[in-house]
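Chains as they are written, first to last, in my numbering: chain A, 103 to 155; chain B, 3 to 401. This report refers to the structure that appears directly beneath it.
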Amino acid sequence: MKKYKCNICGYVYDPQAGDPSSNIPPGTPFENLPDNWTCPVCGASKEDFSPED
Amino acid sequence: MEAVKIKEGIYWVGAIDWNIRNFHGYSTIRGTTYNTYLVIDEKITLFDTVKHGFEEEMLARIRSVIEPEKIDYLVVNHIEPDHAGGFLHIVKVIKPEKIFLTPNAKAGLLEYFHIQDLPFEEVKTGKEVKIGKRTIKFFETPMIHWPDSMISYLPEEKLLISQDAFGAHYATSGRFDDEVDHCELIQECAKYYANIVLPYSPQVNKLLKTVKEMNLAIDMICPDHGIIWRKNVGEIVGLYERWSSYIADQKVLIVYDTMWKSTEKMAYAILEGVVKEGIAAKLCKLSVSDLTEVMAEVMLSKGIILGSPTLNNGLLPTVAGFTAYMKGLRPRGKIGASFGSYGWSGEAVKILNEVLKDMKAEVVHEGIRCKYSPDKETLERCTELGKTVAKKVKEVLGL
Ligand SMILES: Cc1cc2nc3c(=O)[nH]c(=O)nc-3n(C[C@H](O)[C@H](O)[C@H](O)COP(=O)(O)O)c2cc1C
Ligand SMILES: [Fe+2]
Ligand SMILES: [Fe+2]
Ligand SMILES: [Zn+2]
C-alpha cells in the first residue's frame, strides 16, 4: 500500500496507521478513504495528495 | 501609549517593535509591528494578542479606551508566537467569556501552553457570531500560512482582519497605508510575501477567487503586521493576485558566491550578456547578502541564474544554504541557468541545475563549468549564456 503526501502542508498519509482523528482504521489504503476525507493537519482535500515515491 | 481609532468604535491597540532586526531569521531591516484590534460593541471583542514582552504596551493602549477586564470575546486568528506569545498573560488579565479560534488553532495552543480549562469556542468557515450591532464572519485559511490560520470579516464595517496575509514587517508611526512611504511599503510587502506566503500561493490564489465570487465589500484590510490598508486596498489585493500566480518582472537575477573570484568573473560576464539584450539585471554575492532580501528579488525576477564554485564535491555552504531556503519557498515559473568554476571534479553546476529543475524552472542552457580561471573564450560563452536567458525572458513575457 502506497503512502500519500499532502502537497500543501507535507503531512504523509500512511495506510498502515490510518487516520485516527477521522476514525480511519489502520490498514485503509488511500484509495479507499471517503471522498470527503481531509488532511488532518491542514484540511486539504484528497485531490491535494500525491503518491510518495 | 494610546489606541488609534480606525473606524467608529474600532481601535488599533497593537505594539510597535522598532528595533527588531532578526525575526526568526527574517531580517526585519525596518522593524515590525504586532497589530491587534479592539471592537467596542455589546460584546467587546479583541482580535489577536501580541508577542511575549509587548503585553503591557498593548494593555496600555487598550486602557486608553476601556478597562481590559471589560473585554468579552477574544479571537485568535493565528497561534504563531508573534501573535499568541502573549496569549496566556492577556487571557489572565481580560478573563474573556469566549475565545474564538479554529479547531487547528485550539489543538496548537494546547500544544504550546499545555493548558485545558479555557472557554474555547471552535469556529469553522462560514460561522457567524453577532456581537451587537456588528457580526463577525470567520473564514479558515489553512496554510496561509499555518494550519491554524483564519481571517475575520465584519460585514457591517466592510472590514477584514486578515492576520499575516497582506502584512509587512514595517514599523512606522503612521498606522495607515496613506501615511507612510509607498515605495518602502510595497518593497516590504513583496519581501513578506516571498519569505512567508510564497509556498502557499495555490491556496492564496484559490482564496482570492472565492472572496471575489462572494462579492465581499471590503474598504479596509487590517493585517497583523505593518500598516492598515484603506486607500490602496485594490493595489495590495492585485499584488497578491500577481504574486500568487507567479507573475514576475522582466528582469534577471544572478545569485552566486566565490572563493577566489573565478566564479565572480563569470557572473559579471553573464550580467553583461543580459544587459546587452536590454533586460534589467541584478548581481547578488551571497557572502555579503541577506537571504531574505535575495528571496524578494527571486520572487520578482523572471530569470534566475545560479553560480557556485565546487567545494568538497558540492556547493559553497552559502549557496547550499540559499538554495535549500529558496527551494522550500517553492518559487515557480522561472527561467534559469547555472555556472561555476572548479578545480578537478566540478559537481556544482550539475547540482545547481538539479535545484532549478526541482523548482520546476525552465532550464535554457546546459550550464557553464570552467576549470580554474575563465579565459576570454569562456567569458564570451558566459556572455552568451546571459543573452540566452534574457532572450527567453523577452520571448515568454512577449516583448
Ligand atoms: C515561516 C515558518 C515556516 C514553517 N514551516 C514548517 C513546516 O514546513 N513544517 C513544520 O512542521 N513546521 C513548520 N514551522 C513551524 C515550526 O517548526 C514550529 O514553530 C516550531 O515549534 C519552531 O521551533 P523553535 O521554537 O525551536 O524555533 C514553520 C514555522 C515558520 C515560522
Ligand atoms: Fe505567522
Ligand atoms: Fe505574524
Ligand atoms: Zn495537509
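Note that the Cβ used here is the ideal one computed from N, Cα and C, for glycine as well.
Residues passing the C-beta test against ligand 4 heavy atoms, cut-off 6 Å
Every residue whose Cβ sits closer than 6 Å to any heavy atom of ligand 4 is listed here in chain order: Cys-108/A, Ile-110/A, Cys-111/A, Tyr-113/A, Cys-141/A, Val-143/A, Cys-144/A and Ala-146/A.
Taking 5 Å as the limit, name every residue whose beta carbon sits nearer than that to some heavy atom of ligand 2, in sequence order.
Glu-82/B and Asp-166/B
Please confirm whether Lys-284/B and Glu-295/B have their CB atoms less than 8 Å apart.
no
Hey, could you find the ends of the beta strand (DSSP E) Thr-34/B is sitting in?
Going by DSSP, Thr-34/B is part of the beta strand (DSSP E) stretching over 34 to 36.
Name, going along the chain, the residues of the segment 135 to 153 of chain B whose beta-carbon falls closer than 8 Å to a beta-carbon of chain A.
Glu-142, Pro-144, Met-145 and Pro-149
Return no unless some Cβ of chain A is closer than 8 Å to the Cβ of Gln-189/B.
no
Is Tyr-344/B closer than 8 Å to Asp-226/B when the C-beta atoms are compared?
no
Using DSSP bridges, identify the partner residues of Asp-19/B.
Beta-bridge pairing links Asp-19/B to Thr-34/B.
Examine ligand 3 and report whether any of its heavy atoms sits within less than 7 Å of the Cβ of Asp-19/B.
no
Using a beta-carbon distance cut-off of less than 8 Å, what residues from the segment 193 to 224 of chain B approach chain A?
Tyr-202, Pro-204 and Gln-205
So with CB distances below 8 Å, who are the chain B contacts of Ile-110/A?
Pro-144, Met-145, Tyr-202, Pro-204 and Gln-205
Are Leu-209/B and Thr-104/B closer than 8 Å when you measure CB to CB?
no
In chain order, what residues of the same chain have a beta carbon less than 8 Å from the beta carbon of Asn-450/B, not counting five sequence neighbours either side?
Given that chain B is displayed from residue 3 to residue 401, the structure contains no residue 450/B and the question cannot be resolved.
Cutoff 8 Å: Gly-145/A Cβ touching any chain B Cβ:
yes
Are at least three pairs of beta-carbons, each pair with one atom in the segment 115 to 129 of chain B and one in the segment 110 to 117 of chain A, less than 8 Å apart?
no
Comparing the CB of Asp-50/B with every heavy atom of ligand 3, is any distance shorter than 7 Å?
no
Contact test: Ile-198/B Cβ vs ligand 5 heavy atom, cutoff 7 Å:
Looking for ligand 5 in the displayed structure turns up nothing; the ligands present are ligand 1, ligand 2, ligand 3 and ligand 4.
Buried or exposed, going by whether 16 or more other CB atoms sit within 10 Å of the CB of His-171/B?
His-171/B is buried by the Cβ-count criterion.
Bounding residues of the alpha helix (DSSP H) (the contiguous stretch that carries Thr-212/B):
203 to 216
Thinking C-beta only, is Glu-279/B closer than 8 Å to Ala-363/B?
no
Could you tell me if the beta carbon of Asp-150/B falls within a distance shorter than 7 Å of some heavy atom in ligand 3?
The nearest non-hydrogen atom of ligand 3 is 7 Å or more from the C-beta of Asp-150/B.
Could you name the residues of the same chain whose beta carbon sits closer than 8 Å to that of Asn-24/B, not counting the 5 residues immediately before and after it, in chain order?
Thr-30
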